[in-house]
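Start counting the sequence shown at 2; every next residue gets the next number (our numbering). The structure under discussion appears below in the form of structure tokens.
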Amino acid sequence: MAGGTHHLSFPQVENSATRLNKEKEDIESRLTQLKAMIDQLVSSDFVTERASGKFQQDYDQWNNGAKQVMQGLEGMSQFLKTAIAKHRELDASLSGGAGA
């Protein structure tokens with residue numbers, strides 16, 4: 002840290018980590034619902050020789066990208082949780098004082 006500035010609001014960072022994880026879970030739930038809808042669509046309501054298969058293929062590719070977004074949210078949440086834990090460990094370690 003070049004400037005020496007250091008501030009960490011544990012409750013705010015914890016809330017952000019929790020929110021990231023919650024948003025990931027919400028996206029995951031919506032993706033599951035969308036996948037079921039698309040599967041139903043291409044199996045009975047949108048069946049063509051080629052277009053429906055291409056649509057399914059494109060959706061699957063999009064869905065895989067969305068799953069990477071969820072992994073990113075989970076990773077960011079975990080990063081914040083680790084940052085909090087490490088700062089608490091450091092604070093506890095330093096609380097013993099210089100001569101202790």
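Quick reminder that beta carbons are idealized off the backbone N, C-alpha and C, glycines included.
Judged by DSSP in its simplified three-state form, Gly66 adopts helix. Ranked by how close their Cα comes to the Cα of Leu81, the residues Asn16, Gly5, His7 have Asn16 in first place. In the structure shown, Leu9 adopts coil according to DSSP, grouped into three states. Judged by their CB atoms, Val43 and Gln57 are nearer to each other than the 7 Å cut-off. Cβ-Cβ distances below 8 Å link Ala84 to Leu9, Val14 in the same chain, with the five nearest sequence neighbours on each side left out; the list follows chain order. Note on geometry: alpha-carbon atoms of Gln72 and Arg89 lie some 26 Å from one another.
Shown here, Phe47 sits in coil according to DSSP, grouped into three states, outside any helix or strand. By the Cβ-count criterion, Ala93 is exposed, with fewer than 16 other Cβ atoms from all chains shown falling within 10 Å of its own Cβ.
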